[in-house]
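One structure is given below, encoded as structure tokens.
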Amino acid sequence: MSSRPIRITTTEHTISLKVPTTMSEDRHGGRSSPFLGLLRVPLLLLLLYGFVCSLDVLSSAFQLAGGKVAGDIFKDNAILSNPVAGLMVGILVTVLVQSSSTSTSIVVSLVSSGLLEVKSAVPIIMGSNIGTSVTNTIVALMQAGERNEFKRAFAGATIHDCFNWLSVLVLLPLEVASGLISLLARVTVSGFQLHSGEEAPELLKTLTEPFTKLIIQLDKSVITGIALGDESMRNHSLVKVWCKSSVFLSSVNVTAAAAHNCSAALHCGNYSDLTWTTQNITSQINTEKCRHLFVDSGLSDLAVGLVLLAGSLVVLCSCLLLLVKLLNSLLKGQVAKVIEGVINTDFPYPLGWLSGYLAMLMGAGMTFIIQSSSVFTSAMTPLIGIGVISLNRAYPLTLGSNIGTTTTALLAALASPKEKLPAACQIALCHFYFNIFGILLWYPVPMTRLPIRMASALGERTAKYRWFAVLYLLVCFLLMPCLVFGISLAGWQAMVAVGTPFSALIVFILLINLMQARNPTRLPKTLRSWDFLPQWMHSLKPLDKLITRTTALCCSPARINDPDVVVVTPPDAVNIKPESKKLAEQWYDNPGLSLPEEISSEPRVFRLRGLERCNSTPL
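If you're matching positions, the sequence shown starts at 0 in numbering that gives the first Met the number 0 and goes up one per residue.
Set out below in structure tokens:
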């Protein structure tokens with residue numbers, strides 16, 4: 000039965016429902032055929048493989064674009080002795096190369112060569128722990144098309160950031176004052192007889208490298224060489240050209256500097272007034288070129304990096320969007336309820352507290368298997384977005400992933416050469432102890448799980464102002480580290496002069512906000528709200544209006560004048576009842592969370608029983 004298309008648009012909140020010509024079920028009664036259902040599973044695996052490969056290529060692109068800059072940042076060891084500067088260097092370098100393992104390997108080389116002490120390396124390791132969480136935050140941006148999914152996905156991605164920042168705020172001053180983490184690492188290493196061994200196999204790289212090596216291969220020793228002060232490496236390209244080389248031994252005659260008695264020498268002779276000796280010289284000759292797209296491109300590292308950056312982002316976005324759509328089609332109805340129940344349900348009383356620790360072990364195990372915390376948390380982000388994994392359950396999974404990546408780093412350290420073995424193990428153990436102490440601070444007691452509340456607030460903010468996600472990325476991972484790093488170069492006096500009043504202002508604002516929410520009557524009337532300040536100082540609405548005016552809309556408001564549009568009045572927002580507190584905290588679908596403040600003034604088209612959804616709210 001067909002009918003004329005109808006679009007319903009509200010006058011205030013502008014909600015449009017785009018109705019197709021027919022609402023009848025398909026030939027199979029609304030059920031997809033079993034054959035199509037079976038095809039979805041290999042398609043899901045193929046998209047996941049493309050998603051992981053694009054993350055690998057994205058990391059290579061960042062290393063090509065900013066790898067030498069990262070090496071230059073590490074070069075000045077006097078700056079790295081400042082713990083705040085070291086923290087910011089760890090963040091910036093890891094963001095630039097998109098690989099905490101690369102930044103950690105540079106630190107290991109600096110420590111083993113004696114250019115950097117382990118105590119000075121600990122803040123850099125903390126910074127790399129923060130910088131590595133930028134990947135899953137970028138992945139969360141790909142779900143910005145749907146408000147509730149974006150809210151959950153961004154909260155799930157930033158919970159890692161919140162945990163790392165809170166841990167650094169407590170543990171960095173403790174490490175500077177007492178050297179606790181570096182001391183524990185040194186005692187642990189000295190208590191064992193360490194011997195170099197074989198490197199642990201990396202399951203994920205075994206699967207992805209056959210494909211990614213056809214796209215690009217990098218010579219990462221160039222970054223390490225620049226960091227160690229080898230100026231000859233500055234003229235080398237990061238793009239690997241030769242993959243195989245042979246060492247040849249040749250004998251040459253060399254004129255001796257002084258007269259030699261050749262009576263007892265096997266490779267020595269006299270000719271006229273000259274004395275010569277035979278010396279063996281080893282030379283390395285390249286024998287086989289690498290096979291990848293850019294081996295003979297002639298492009299600079301920056302050009303290759305930008306090309307790979309654009310291509311990997313396109314593939315990453317495409318795979319992620321298709322993954323979300325496919326997961327939405329697979330995980331629906333009773334299947335979704337069963338999976339949500341298995342993942343998010345706690346053990347019965349009195350063993351409910353064990354559920355989080357079991358999830359932590361699961362996250363550590365999965366990260367240990369795939370040898371990458373970034374891949375694990377990035378793959379978990381879309382599942383959080385579609386509501387399969389709750390935020391409360393994602394938190395211990397993320398903490399477990401942190402532990403899993405430190406055990407991977409420890410195994411890699413045990414495979415280091417003999418001269419680098421103690422330094423590599425100490426750095427890996429510093430990383431391990433940092434995450435262990437962070438978990439002890441922010442997980443065992445429920446009231447101390449501040450990262451969940453902070454991530455929830457960030458998710459709500461990005462749901463209301465989607466451009467806030469981009470602003471968050473720029474401020475937390477680029478602008479603020481650069482600013483603090485620049486101030487730290489001026490010395491500790493400048494850090495104290497700038498940091499002390501700024502920290503006092505932050506603490507004051509937090510205390511006032513807490514009292515406004517809990518007990519506003521104890522505050523003076525002026526401080527019971529921030530309305531006495533200009534709006535731009537306590538609200539993002541002025542900035543939102545500016546960005547909204549300059550952002551193109553995907554659904555033009557002019558369509559409201561279409562003759563097929565039926566204008567209705569939305570229900571009063573006061574009559575909308577919120578979900579229960581438990582479901583709100585777990586971030587399941589909650590339509591009440593989007594009303595009344597979070598609904599944009601532009602047209603929005605929602606999906607009802609297969610209808611098309613288009614959200615015009617700008618990022």
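Cβ atoms here follow ideal geometry from the backbone N, Cα and C, with glycine treated the same way.
query, result
"Quick one: grab the DSSP three-state call for Ile105.", "helix"
"Tell me, please, which residues DSSP counts as bridged to Trp441.", "Trp441 is not bridged to any residue."
"Helix, strand or coil: which one does DSSP assign to Asn518?", "coil"
"Tell me, to the nearest whole angstrom, how far the beta carbon of Gly437 is from that of Leu183; I am working on the premise that it is less than 8 Å.", "Going by Cβ atoms, the distance from Gly437 to Leu183 rounds to 14 Å, so no, they are not a contact pair."
"Just to confirm the assignment, what range does the alpha helix (DSSP H) spanning Asp300 have?", "Asp300 to Leu329"
"What number of angstroms, rounded off, separates the C-alpha of Thr380 from the C-alpha of Val138?", "7 Å"
"In the DSSP output, which residue or residues are listed as bridge partners for Lys243?", "Glu287"
"So for Ile385, helix, strand or coil by DSSP?", "coil"
"So who's on the other strand from Val238, going by DSSP bridges?", "Leu217"
"Report buried or exposed for Ser99, applying the criterion of at least 16 other Cβ atoms within 10 angstroms of its Cβ.", "buried"
"What are the start and end residues of the alpha helix (DSSP H) that includes Glu174?", "Arg146 to Ser177"
"Here's a check: name, in chain order, each residue in its chain whose Cβ is nearer than 8 Å to the Cβ of Met361, leaving out the five neighbours to either side.", "Leu396 and Gly399"
"Taking one C-beta from the segment 478-494 and one from the segment 144-160 each time, how about it: are there three or more such pairs within less than 8 Å?", "no"
"Applying the criterion that 16 or more other CB atoms from any shown protein chain within 10 Å of the CB defines a buried residue, is Trp352 buried or exposed?", "exposed"
"If you reduce the DSSP assignment to three classes, tell me which class Tyr348 lands in.", "coil"
"What is the residue span of the alpha helix (DSSP H) that Tyr394 lies within?", "Leu390 to Leu413"
"Is the Cβ-Cβ distance between Gly178 and Pro122 less than 8 Å?", "no"
"Quick check on Met141: does DSSP put it in helix, strand or coil?", "coil"
"Return the Cβ separation of Ile383 and Ala152 in integer angstroms, given the expectation that the two are a contact with Cβ distance under 8 Å.", "6 Å"
"Per DSSP, what kind of secondary structure is Pro416 in: helix, strand or coil?", "coil"
"Just the C-alpha distance for Lys204 and Asn128, rounded to the nearest angstrom, thanks.", "21 Å"
"With distances taken from CA atoms, which of Leu326, Pro421 and Arg448 is nearest Pro41?", "Leu326"
"Return the first residue and the last residue of the alpha helix (DSSP H) that Gly621 is part of.", "Residue 621 is absent from the structure shown; the chain starts at 0 and stops at 618."
"Below 8 Å between beta carbons: does that hold for Phe50 and Leu319?", "yes"
"For Ala462 and Pro347, I'd like the C-alpha separation in whole angstroms.", "34 Å"
"How many whole angstroms separate the CB atoms of Thr136 and Leu513, which I take to be in contact at a CB cut-off of 8 Å?", "Incorrect: roughly 27 Å between the Cβ atoms, too far for contact."
"Decide if the segment 104-120 is in contact with the segment 281-299; the criterion is three or more beta carbon pairs, one per stretch, under 8 Å apart.", "no"
"Report back the beta-carbon spacing between Arg39 and Leu322 to the nearest angstrom; my notes put them in contact at under 8 Å.", "Actually they are not in contact, since the Cβ atoms of Arg39 and Leu322 sit about 11 Å apart, beyond 8 Å."
"Could you check where the alpha helix (DSSP H) with Thr549 kicks off and where it finishes?", "Lys540 to Thr549"
"Just the Cα atoms here: how many angstroms apart are Ala64 and Leu305?", "7 Å"
"What number of angstroms, rounded off, separates the C-alpha of Ala414 from the C-alpha of Leu109?", "17 Å"
"For Met125, count neighbouring C-beta atoms within 10 Å of its own C-beta (all shown protein chains included) and say buried if the count is 16 or more, exposed if not.", "buried"
"Are the beta-carbon atoms of Thr211 and Val246 separated by less than 8 Å?", "no"
"Consult DSSP for Thr20 and reduce its assignment to one of helix, strand or coil.", "Unreliable placement is indicated for Thr20, whose pLDDT of 43 sits below 50; no coordinate value is reported for it."
"Rank Arg185, Gly310, Ser236 and Lys239 by C-alpha distance to the C-alpha of His430 and give the top, closest one.", "Arg185"
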